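> Chains as they are written, first to last, in the numbering used here: chain C, 1 to 433; chain R, 434 to 663. Glycine included, each C-beta is placed from N, C-alpha and C at the ideal position. Predicted model only: the values in this text are computed from it and were never measured.
As structure tokens, then:
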């Protein structure tokens, strides 16, 4: 480490002196330095001492740590789902083992052996890495490049905020997303969702959610539907993306959307128990990386809660709001004889297992920047996210899943919630005095 | 298409408590529940975020939450007043054949729609402003300054035009006017709170003020797409 320290200290004058060679790009130098070393203004010589140095870097690292279980599961399960789909197509006689197209990593490390029963764990992980790594790299690469550029222009330090967003983005897009679309989405969200508002800590909307919303509305064919949730190595003609040609399977919520009274039963029995409760919970299902395994999300939630980085109020309120709405809305609809939808026949706790709600409420809604700052505000915010998610799932025929839109909507109203909580507080105190 | 969806999803006889007030006079949208109209006007087709009407006063006033609440309430008030008023004018004077009560069954004055609506809105707002000033100075202090500002607002005229286009009945147009204003209030209040939060943000120079407001409005509109399709 001393070697690195010396190297960094030696380089500093190249960047930090007024007329030095690389003075213009000093934010990049600083970013590299804080990436390697902790800042050393830990405690003053006298006066107030900082006892627990929770800086942005540590907060962000805790979140990244919390996301690691989800990411590891995605490396594994992306491969599992891929080979399961391939095996199914081969079993149906729609595909021969010789037709299998290998990807870039499989080209380097050897093609999987499809002739044996069950593909080896190594091949599974190789496929997972093959799809997930480029997504992580593009998400970080494009986002950090834009962020660095903005920091150089504005002569500010690069902050750690994007390290979390970049990882979140990789976890909320399907593994089959074409990389150029992802790059456009990231560029849109970082420039228009974050940098124009003043960079880290000032954005109104969660940048990772903005990426997903942008892709969802700009490229709906690659972000929704029945074919995109299992990644492959081919792009069928005219369809961008890394898909398995000829494979199609509705997600749990899409299935429920079209179901009637038998929604719960259909979910449990569809395709030999593909969406059984155990599979939904442990994550043996297709989907975006983060929403697969609820167990991994709960592990992440535990990390966020123990380190105190994520707000427990938002999480608890969100779950209560969702369960409450899932319980009340069908009763209200039944009572007023409104047309019932499949989602209304699902048990409330099954709604919790389906789709990306748990991931959203744990990782996206707790974003301290785009959520309200007051404690009462956090309760209101979380509750409403749960309620709107259920409303979209149950009464909006256009989308099967509402987590993303509910969180975006409440992001827009978070400052309003704060305003009214604060002014109510002021009124109460004025009355008291 | 959205309108068809909303018709089918809310067009159910059982919402009688909301439906009972709808006069069954055989208009094309007969039986559309008032609740459906209200939800559609507030969320699905928010007059500001879906049609981008009423932008000028929205951009001018959305700096403070308190004043935008005031303006929003004024908009609700004026819309609730002028949309039904214009409904009366449209039905009994302007629409083709509307003058049959005066013995002119072949009349068609609908080409005067713009002029008449603008004039009637301005006149109504002026009269109300004077009346409020006279009878309730307190309300005038809260609302009064906003009234002339929104008399020439396109959201007000737009709502009247939509009312004509969608063949609302009188009750429906009252509900539509009020809820259209409520949607506008929601949008401007959320924008005002966001701008209050952004007052300390390091926004790039050229985008300060109106620029960032436009961008944020676009993003809020994207968030409101939650409801599209309902």
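What are the boundary residues of the alpha helix (DSSP H) that residue 132/C is part of?
If you number the first chain from 1, residue 132/C lands on position 132. Counting along the chain, the alpha helix (DSSP H) containing residue 132/C begins and ends at 121-154.
> Within its chain, find whatever has a CB closer than 8 Å to the CB of residue 648/R; leave out the 5 residues flanking it on each side and keep chain order.
For the purposes of this step, residue 648/R is taken as the residue at position 215 of the second chain. For residue 648/R, where only same-chain residues beyond five positions count, the Cβ hits under 8 Å are 640.
> Check this for me: beta carbons of residue 621/R and residue 495/R, under 9 Å apart or not?
Within the second chain, the letter at position 188 stands for residue 621/R. Within the second chain, the letter at position 62 stands for residue 495/R. In contact: residue 621/R and residue 495/R (Cβ atoms closer than 9 Å).
> Using 9 Å as the threshold, is the C-beta distance between residue 345/C and residue 261/C below it?
As a working mapping, residue 345/C is identified with position 345 in the first chain. As a working mapping, residue 261/C is identified with position 261 in the first chain. Yes, the pair counts as a contact, with Cβ atoms nearer than the cut-off.
> Pop quiz: residue 408/C and residue 202/C are said to be a contact at Cβ under 8 Å. What is the actual Cβ separation, rounded to whole angstroms?
In the first chain, the residue the question calls residue 408/C occupies position 408. In the first chain, the residue the question calls residue 202/C occupies position 202. The pair is not a contact, with the Cβ atoms about 17 Å apart (cut-off 8 Å).
> Which class does residue 650/R belong to by DSSP, given the choice of helix, strand or coil?
Taking the second chain and counting its residues from 1, the one referred to as residue 650/R is at position 217. Of the three classes helix, strand and coil, the one that applies to residue 650/R here is helix, per DSSP.
> Tell me whether residue 482/R sits in a helix, a strand or coil according to DSSP, three-state version.
In the second chain, residue 482/R corresponds to position 49, counting from 1. Coil at residue 482/R, not helix or strand.
> Mind pulling the chain C residues with CB within less than 7 Å of residue 498/R?
Locating residue 498/R in the second chain gives position 65, counting from the first residue. 419, listed in chain order.
> Could you name the residues of the region 632-653 of chain R whose beta carbon sits closer than 7 Å to any beta carbon of chain C, in the order they occur along the chain?
Cβ contacts with chain C come from 634, 635, 636, 637, 640, 645, 648, 649, 652, 653.
> Would you mind telling me which residues of chain R sit closer than 8 Å to residue 204/C, beta carbon to beta carbon, in chain order?
Translated into positions along the first chain, residue 204/C becomes position 204. Here the neighbours are 627, 630, 631, 649, 652.
> Can you check which of these residues, 398/C, 287/C, 36/C, is closest to residue 6/C by C-alpha distance?
Against the first chain, residue 6/C aligns to sequence position 6. The option with the nearest alpha carbon to residue 6/C is 36/C.
> If you drop the 5 nearest sequence neighbours on each side, which residues of the same chain put their C-beta closer than 8 Å to that of residue 23/C?
On the first chain, position 23 is the one that residue 23/C refers to. Cβ neighbours of residue 23/C beyond the five flanking positions: 15, 16, 17.
> Could you work out which residue in 587/R, 600/R, 654/R is closest to residue 486/R when comparing CA atoms only?
Taking the second chain and counting its residues from 1, the one referred to as residue 486/R is at position 53. The residue with the shortest Cα to Cα distance from residue 486/R is 587/R.
> Taking only runs of the alpha helix (DSSP H) that begin and end inside the region 222-279 of chain C, which ones reach a length of at least 4 residues, in chain order?
The region 222-279 of chain C contains these whole alpha helix (DSSP H) runs: 252-258, 263-269.
> Note down, in chain order, each residue of its chain lying with its Cβ closer than 7 Å to the Cβ of residue 557/R, except the 5 sequence neighbours on either side.
Counted from its first residue, the second chain places residue 557/R at position 124. Once the five neighbours on either side are set aside, the close Cβ partners of residue 557/R are 514, 515, 518.
> Please confirm if residue 435/C has its CB atom under 9 Å from at least one CB of chain R.
Residue 435/C lies beyond the stretch modelled for chain C, which goes from 1 to 433, so this question has no answer here.
> At a cut of 8 Å, does the region 212-228 of chain C reach the region 174-186 of chain C through at least three beta carbon pairs?
A contact exists between the region 212-228 of chain C and the region 174-186 of chain C.
> Looking at C-beta atoms only, is the number of pairs between the region 287-302 of chain C and the region 67-75 of chain C that lie closer than 8 Å three or more?
Touching, yes, given that three or more Cβ pairs across the two stretches are closer than 8 Å.
> When you compare the CB positions of residue 287/C and residue 251/C, do they come within less than 9 Å of one another, or not?
Within the first chain, numbered from 1, the residue matching residue 287/C stands at position 287. Within the first chain, numbered from 1, the residue matching residue 251/C stands at position 251. Yes.
> By how many angstroms is the C-alpha of residue 600/R removed from the C-alpha of residue 520/R?
As a first step, residue 520/R must be located in the second chain, where it is residue number 87. As a first step, residue 600/R must be located in the second chain, where it is residue number 167. Roughly 9 Å separates the two Cα atoms.
> Within its chain, find whatever has a CB closer than 6 Å to the CB of residue 212/C; leave out the 5 residues flanking it on each side and keep chain order.
Reading the first chain from its first residue, position 212 is the one you call residue 212/C. The residues are 172, 404.
> Please report whether the beta-carbon of residue 606/R lies at a distance below 9 Å from any beta-carbon of chain C.
On the second chain, residue 606/R is found 173 positions in, with the first residue counted as 1. Not closer than 9 Å to any Cβ of chain C, the Cβ of residue 606/R fails to qualify, so no.
> Quick one: does residue 136/C have its CB under 9 Å from some CB of chain R?
If you number the first chain from 1, residue 136/C lands on position 136. So, not an interface residue.
> So residue 547/R contacts chain C; which residues on that side make the cut at Cβ distance below 7 Å?
Along the second chain, one-based indexing puts residue 547/R at 114. None at all; the shortest Cβ gap to chain C is about 34 Å.
> Could you tell me whether any non-hydrogen atom of the ligand ZN is closer than 8 Å to the CB of residue 170/C?
Absence of the ligand ZN from the depicted structure is noted, as is the absence of any ligand whatsoever, leaving it without description.
> Please list, in chain order, the chain R residues whose beta carbon lies closer than 8 Å to that of residue 199/C.
As a first step, residue 199/C must be located in the first chain, where it is residue number 199. In chain order: 635.
> Is the beta carbon of residue 359/C closer than 9 Å to that of residue 290/C?
Looking up residue 290/C in the first chain gives position 290. Looking up residue 359/C in the first chain gives position 359. For residue 290/C and residue 359/C, yes; Cβs fall inside 9 Å.
> With residue 418/C and residue 374/C assumed to form a contact (beta carbons below 8 Å), what rounded beta-carbon distance in angstroms separates them?
Residue numbering aside, residue 418/C sits at position 418 when the first chain is read from its first letter. Residue numbering aside, residue 374/C sits at position 374 when the first chain is read from its first letter. Rounded, the Cβ-Cβ distance is 6 Å, consistent with contact.
> Are the C-beta atoms of residue 402/C and some chain R residue less than 9 Å apart?
Sequence index remark: in the first chain, residue 402/C carries index 402 (1-based). Closer than 9 Å to some Cβ of chain R, the Cβ of residue 402/C qualifies, so yes.
> Can you tell me whether residue 349/C is buried or exposed, with buried defined as 16 or more other CB within 10 angstroms of its CB?
The residue given as residue 349/C occupies position 349 in the first chain. Residue 349/C is exposed by the Cβ-count criterion.
> Comparing the C-beta of residue 95/C with each C-beta of chain R, is any distance below 9 Å?
Within the first chain, numbered from 1, the residue matching residue 95/C stands at position 95. Answer no: the Cβ-Cβ gap between residue 95/C and chain R never drops below 9 Å.
> With DSSP collapsed to three states, give me the class of residue 371/C.
For this step, residue 371/C is matched to residue 371 along the first chain. In this structure, residue 371/C counts as coil in the three-state DSSP scheme.
> Mind checking which residues open and close the alpha helix (DSSP H) that includes residue 515/R?
Along the second chain, one-based indexing puts residue 515/R at 82. Start and end: 498-522.
> Less than 7 Å between C-beta atoms, sequence neighbours within five positions excluded: which residues of the same chain meet that for residue 139/C?
Counting from one through the first chain, the residue named residue 139/C turns up at place 139. Excluding residues within five positions, the ones whose Cβ falls inside 7 Å are 166, 169, 170, 182, 186.
> For residue 399/C, name the three-state secondary structure that DSSP assigns.
By 1-based counting over the first chain, the position of residue 399/C is 399. Three-state result, residue 399/C: coil.
> Measuring CA to CA, which of 611/R, 504/R, 469/R is closest to residue 582/R?
Locating residue 582/R in the second chain gives position 149, where the first residue counts as 1. The residue with the shortest Cα to Cα distance from residue 582/R is 504/R.
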